[in-house]
Amino acid sequence: MTKRTKAILDKLDEVYTREYKCYLDHETPWQLLIATMLSAQCTDARVNIVTKELFKKYDTVEKFANADLKELEQDIKPTGFYHNKAKNIISCTNTLMEKYNGEVPDSLEDLTALAGVGRKTANVIRGNIFNQPSIVVDTHVKRISKRLGLTKEDDPEKVEFELMKVLPKDHWILYNIQIITFGRQICFARGPKCEECFLTDYCLEYKEKNKKKKIKK
DNA sequence: CTCCCGATAT
DNA sequence: ATATCAGGAG
1 MTKRTKAILD
11 KLDEVYTREY
21 KCYLDHETPW
31 QLLIATMLSA
41 QCTDARVNIV
51 TKELFKKYDT
61 VEKFANADLK
71 ELEQDIKPTG
81 FYHNKAKNII
91 SCTNTLMEKY
101 NGEVPDSLED
111 LTALAGVGRK
121 TANVIRGNIF
131 NQPSIVVDTH
141 VKRISKRLGL
151 TKEDDPEKVE
161 FELMKVLPKD
171 HWILYNIQII
181 TFGRQICFAR
191 GPKCEECFLT
201 DYCLEYKEKN
211 KKKKIKK
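Numbering follows UniProt numbering, in which position 63 of the first sequence is assigned residue number 63; successive positions increment by one, without gaps.
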């Protein structure tokens with residue numbers, strides 16, 4: 001790990017010390033799996049509103065596996081992409097019943113083989129449920145890792161592999177939740193609050209912004 | 001690369 | 001009007 005990377009991680013640790021919680025409400029592994037599937041291109045706040053009722057109505061994996069497609073679509077509609085998500089949830093939970101005795105598997109291969117589960121969702125499960133070091137590359141991690149110059153890649157899988165090289169393994173899971181928190185509070189996609197940011201010394205975009213200002217003056 | 005897609009902020 | 005939100009599949 002370079003000095004620069006360590007300085008960034010130290011700053012993050014300083015501000016987001018024990019903010020280690022998952023923002024998707026869940027009580028079981030399969031609930032987190034479904035909540036994460038629903039979170040694609042949707043705010044976690046909305047996912048939590050939907051799952052609050054959803055997990056009362058479907059309180060077992062088996063109930064999801066036997067759900068009526070059209071009815072489930074309506075139940076999850078506010079999260080968007082509801083045709084695909086409903087179909088995937090039914091297919092995925094059927095696989096859980098048939099191949100895994102209704103449990104959620106822990107390997108990346110088994111998880112990504114499930115319908116509607118890609119590397120991002122699989123890594124959320126591995127990190128949060130099984131405590132396996134894993135890098136979750138979502139929209140926040142990708143955007144902010146680029147701004148901080150930790151990667152130049154655009155493809156989420158390449159970002160994941162590069163961050164695995166750059167970040168110490170014992171910081172992988174923590175990095176995810178820190179960056180998501182940072183992205184929600186300060187480093188927005190649109191109009192980031194650079195005045196309140198504690199990482200401007202390491203931000204490539206901030207550097208660019210100041211260059212342009214100086215030229216104008 | 002395109003499509004899936006509703007809700008909210010700007 | 002448009003960008004963005006804890007992405008994934010064909």
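The beta-carbon is built from N, C-alpha and C at its ideal position, and this holds for glycine as well.
query: Take the Cβ of H147 as the centre, count every other Cβ of all protein chains shown within 10 Å, and call the residue buried at 16 or more, exposed below.; result: Sequence check: residue 147 is Arg here, not His. Buried, by the Cβ-count rule.
query: Which residues bound the alpha helix (DSSP H) around A7?; result: 3-15
query: Q74: buried (16+ other C-beta within 10 angstroms of its C-beta) or exposed?; result: exposed
query: List the endpoints of the continuous alpha helix (DSSP H) containing E53.; result: 44-57
query: Going along the chain, which residues of its own chain have a beta-carbon closer than 7 Å to the beta-carbon of K217, five neighbours each way excluded?; result: Bear in mind that a pLDDT of 40 at K217, under 50, signals an unreliable position, so the number given afterwards is only what the model happens to contain. So the list is empty, once near-sequence residues are dropped.
query: Take K52 as the anchor and find which of V166, I179, H26, F198 has the nearest alpha-carbon.; result: H26
query: Would the stretch 158-175 count as touching the stretch 197-213 if we require 3 or more Cβ pairs under 8 Å?; result: no
query: If we ignore side chains and look at the alpha-carbon of each, how far apart do A65 and Y23 end up?; result: 25 Å
query: Out of curiosity, what's the CA-to-CA distance linking T43 and A35?; result: 11 Å
query: Following the continuous alpha helix (DSSP H) through G183, name the residue where it begins and the one where it ends.; result: 172-185
query: Please state whether DSSP places Q74 in a helix, a strand or coil.; result: helix
query: For the 8 Å Cβ check, are there 3 or more pairs between the stretch 79-86 and the stretch 101-110?; result: no
query: Drop a sphere of 10 angstroms on the beta-carbon of L69, count the other beta-carbons inside from all chains shown, and report buried for 16 or more, exposed for fewer.; result: exposed
query: Straight-line CA distance for P156 to M164?; result: 12 Å
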